[in-house]
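Colleague: Once you've had a glance at the structure underneath, I'll fire off some questions.
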Amino acid sequence: MNNQVLDENRVTAQIESRGSSVERGARRGSRTRSYRWSPYVVGTGLGVLSWVAFAVVNQPLGISTALSAASGACAALFVGWEDVLRNAYWSKHVAKWDYGTLFLVGTMLGALVSALVSKSFRIEKVPRVWAQGFGHSPAVRFVGAFIGGVLVMYGARMAGGCTSGHGISGTLQLALSSWVFFLVMFVAGTLTALLLFRKTSKPGRASL
Amino acid sequence: MNLHIEGELLRWLAIPFGIIFGWLLHRGGVTDYNVIVNQFRLKDFTVARIMLTAIFVGGLGVLVLHNLGHAQYHIKPANLLGVGLGAALFGVGMVVYGYCPGTGLAAVATGSVHALSGVIGMLAGGILYAITSPWVEAHVQKFAQLGKVRLAEVTRMPEGTWFFLIGMLLLMLVFIERDESPEQESNLMAK
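Chains as they are written, first to last, in our numbering: chain X, 7 to 214; chain Z, 300 to 490.
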């Protein structure tokens, strides 16, 4: 109950603070929100970060390998480490506080700090585009996100990487596997999106 | 010459590097569900612009570093059935979830509660893969194995040509229609 009240207060505060940021954006005539940087600047930053990752750490940027090892730690909570380490996959990918796992922590920290500094941190339960296709129920969105998350991780492990490990680090090395991943992922995603959101994809109905 | 750092220090470098990574994801707008899904609806090309720029800039730099002997390649094996099938599942999941693993984690940190549900889903997906991995290894990964190959070797088209093509693609994106930007305020109205 208290949480709900708190949440509502925060939303009200956001409406007020947003008013000014929207005006600022409109005055600048910018197509992006005030906290956003040009995608080319961000892409260049990720590229340069890759140089450092290759030259200094000798380990390309990646997320899903460490996350799948972390899933082993979660499973260990229920069945114990003995059973987890008996698993063929987890015995090769043991969860520990290594470079990959700490990188996950850093990623969350970086996003948090950026959101706080730019005052764009906000509680979001149902995103706008999702609501256009599936309505405003948080429960439906949470179930959808869960199912999507399962598919994302299962697919990433089967393919041997995700949008970071394959999509950026692999493609930039011109690896065949990574370009296959990139293209198949993009085609499958586009078909899914056009199917799921076909009702809202018609011109003139997309904008609220 | 070897610039690699090893040992305990290396592990902790993950924190500042991760912070830069997460910061860039947020500033790029890809911690926003709407931006990612609108890429797949072909309405907003932010994701493609970021990724192709990263591939172009990162790739040329790593190529130079590699040729000077400062960097090693880390090529993932092309088990084409596993990669293709996995990528297809990943693509479907990415639209339903609205995030990939990295942007999903980052989105949780910016306050997207629904993204947390997907992180729990991803952990469940990791468990599911570990349980089924003996079967997948035997029945999926064994097929169409081409090894750790690079486009330049497979096609006999030199690396420079590939980066030229990537650069052209990127240039196309620069001149393509401007994005239909998903405004933040309408997100709130949707509640």
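Backbone N, C-alpha and C fix where the C-beta goes; we use that ideal spot for every residue, glycine too.
What you are looking at is a predicted structure, and each value in this text was computed from that prediction instead of being measured.
1. Buried or exposed for X/Glu130, please, with buried defined as at least 16 other CB atoms from any protein chain shown within 10 angstroms of its CB.
2. Any C-beta of chain X sitting closer than 8 Å to the C-beta of Z/Arg449?
3. The alpha helix (DSSP H) spanning X/Ser120 covers which residue range?
4. What residues in the stretch 338 to 356 of chain Z have a beta carbon less than 9 Å from any beta carbon of chain X?
5. Measure from the C-beta of X/Ser56 to each C-beta in chain Z and report whether the shortest distance is under 8 Å.
6. Short of 9 Å Cβ to Cβ, which residues in the stretch 384 to 405 of chain Z face chain X?
7. Interface residues of chain X around Z/Glu307 at Cβ under 7 Å?
8. Comparing C-alpha positions only, which one of Z/Ser432, Z/Gly410, Z/Glu436 sits nearest to X/Pro133?
9. X/Trp96 touches chain Z at which residues, Cβ-Cβ below 8 Å?
10. For chain X, find out if any of its Cβ atoms is closer than 8 Å to the Cβ of Z/Arg455; answer yes or no.
11. Hey, does Z/Gln371 have any beta-carbon neighbour from chain X nearer than 8 Å?
12. Just how far apart, CA to CA, sit Z/Gly357 and Z/Leu367?
13. Entirely within the stretch 400 to 455 of chain Z and at least 4 residues each: give me those alpha helix (DSSP H) ranges in chain order.
14. Below 8 Å on C-beta distance, what does Z/Thr460 contact in chain X?
15. Would you verify that the beta carbon of Z/Ile475 is, or is not, closer than 8 Å to some beta carbon of chain X?
16. Answer with yes or no whether the minimum CB distance from X/Glu130 to chain C is below 8 Å.
17. Which residues in chain Z have a C-beta closer than 8 Å to the C-beta of X/Arg110? List them in chain order.
18. Let's see if you can read the secondary structure: which residues bound the alpha helix (DSSP H) around X/Ala145?
19. Which same chain residues, not among the five before or five after Z/Ala414, have their C-beta less than 7 Å away from its C-beta?
20. Could you tell me whether the Cβ of Z/Met467 comes closer than 8 Å to any Cβ of chain X?
21. Would you say X/Leu108 and Z/Ala313 are within 8 Å of each other, going by their C-beta atoms?
22. What residue range does the alpha helix (DSSP H) around Z/Phe339 cover?
23. What is the DSSP secondary structure of X/Ala81, reduced to helix, strand or coil?
24. Quick one: Cα of X/Gly150 to Cα of Z/Gly392, how far?
25. Work out the CA separation of Z/Val382 and X/Leu67 for me, nearest whole Å.
26. From the DSSP output, in three-state form, read off X/Arg37 for me.
27. Could you tell me the alpha carbon to alpha carbon distance between Z/Gly327 and X/Gly155, rounded to whole angstroms?
28. Give the DSSP-derived three-state secondary structure of Z/Asn366 in the structure shown.
29. With 16 as the cutoff for other CB atoms within 10 Å, does X/Ser143 come out buried or exposed?
30. Could one say the Cβ of X/Leu91 lies closer than 8 Å to chain Z's Cβ atoms, at least one of them?
Modeller: Well, looking at it:
1. The residue you call residue 130 of chain X lines up with position 124 of the first sequence. Label assigned to X/Glu130: buried.
2. Indexing the second sequence from 1 puts residue 449 of chain Z at position 150. With 8 Å as the cut-off, Z/Arg449 counts as an interface residue toward chain X.
3. Mapped onto the first sequence, residue 120 of chain X falls at position 114. For X/Ser120, the enclosing alpha helix (DSSP H) begins and ends at 105 to 123.
4. Gln338, Phe339, Arg340, Leu341, Lys342, Phe344, Thr345, Val346, Ala347, Arg348, Ile349, Met350, Leu351, Thr352, Ala353, Ile354, Phe355, Val356
5. In the first sequence, the residue the question calls residue 56 of chain X occupies position 50. Yes, its Cβ sits closer than 8 Å to a Cβ of chain Z.
6. Leu384, Gly385, Ala386, Ala387, Leu388, Phe389, Gly390, Val391, Gly392, Met393, Val394, Val395, Tyr396, Gly397, Tyr398, Cys399, Pro400, Gly401, Thr402, Gly403, Leu404, Ala405
7. For the purposes of this step, residue 307 of chain Z is taken as residue 8 along the second sequence, with counting starting at 1. For Z/Glu307, no chain X residue has a C-beta closer than 7 Å to its own C-beta; the minimum C-beta separation is roughly 11 Å.
8. Mapped onto the first sequence, residue 133 of chain X falls at position 127. Per the C-alpha coordinates, the member of Z/Ser432, Z/Gly410, Z/Glu436 positioned closest to X/Pro133 is Z/Gly410.
9. Position 90 of the first sequence, counting from 1, holds the residue named residue 96 of chain X. In chain order: Ala429.
10. By 1-based counting over the second sequence, the position of residue 455 of chain Z is 156. No - not a single Cβ of chain X is within 8 Å of the one on Z/Arg455.
11. Here residue 371 of chain Z refers to the residue found at position 72 of the second sequence. Closer than 8 Å: yes.
12. Mapped onto the second sequence, residue 357 of chain Z falls at position 58. Mapped onto the second sequence, residue 367 of chain Z falls at position 68. Those two C-alpha atoms are separated by around 15 Å.
13. 400 to 408, 412 to 438, 450 to 454
14. The residue labelled residue 460 of chain Z in the question sits at position 161 within the second sequence. Near Z/Thr460 there are no residues of chain X at all, since even the closest Cβ is about 10 Å away, more than 8 Å.
15. Taking the second sequence and counting its residues from 1, the one referred to as residue 475 of chain Z is at position 176. With 8 Å as the cut-off, Z/Ile475 does not count as an interface residue toward chain X.
16. Chain labels in this structure do not include chain C; the protein chains are X and Z.
17. Here residue 110 of chain X refers to the residue found at position 104 of the first sequence. The amino acid at residue 110 of chain X is misidentified as Arg; the sequence shows Leu. Those are Gly317, Leu404, listed as they occur along chain Z.
18. Taking the first residue of the first sequence as 1, we reach residue 145 of chain X at position 139. Looking at the DSSP string, the run of the alpha helix (DSSP H) that includes X/Ala145 is 144 to 165.
19. Counting from one through the second sequence, the residue named residue 414 of chain Z turns up at place 115. Result list for Z/Ala414: Tyr398, Gly403, Ala406, Val407, in chain order.
20. Numbered from 1 along the second sequence, position 168 holds the residue referred to as residue 467 of chain Z. No, no contact with chain X.
21. Sequence index remark: in the first sequence, residue 108 of chain X carries index 102 (1-based). Sequence index remark: in the second sequence, residue 313 of chain Z carries index 14 (1-based). Taking 8 Å as the Cβ cut-off, X/Leu108 and Z/Ala313 qualify as a contacting pair.
22. Counted from its first residue, the second sequence places residue 339 of chain Z at position 40. That run of the alpha helix (DSSP H) goes 332 to 339.
23. Within the first sequence, numbered from 1, the residue matching residue 81 of chain X stands at position 75. The answer is helix: DSSP assigns X/Ala81 an H, G or I state.
24. Against the first sequence, residue 150 of chain X aligns to sequence position 144. Against the second sequence, residue 392 of chain Z aligns to sequence position 93. In a straight line, the C-alpha of X/Gly150 is about 9 Å away from that of Z/Gly392.
25. Here residue 67 of chain X refers to the residue found at position 61 of the first sequence. Here residue 382 of chain Z refers to the residue found at position 83 of the second sequence. Spanning the two alpha carbons is a distance of roughly 19 Å.
26. By one-based count along the first sequence, residue 37 of chain X stands at place 31. Its pLDDT being 45, under 50, X/Arg37 is placed unreliably in this model, and the coordinates cannot settle the point.
27. Against the second sequence, residue 327 of chain Z aligns to sequence position 28. Against the first sequence, residue 155 of chain X aligns to sequence position 149. One C-alpha to the other measures close to 22 Å.
28. As a position in the second sequence, residue 366 of chain Z is number 67, starting the count at 1. Reduced to three states, the DSSP call for Z/Asn366 is helix.
29. Stepping through the first sequence from its first residue, residue 143 of chain X is reached at position 137. Exposed, since its Cβ has fewer than 16 Cβ neighbours within 10 Å.
30. Your numbering for residue 91 of chain X matches position 85 in the first sequence. Not an interface residue.
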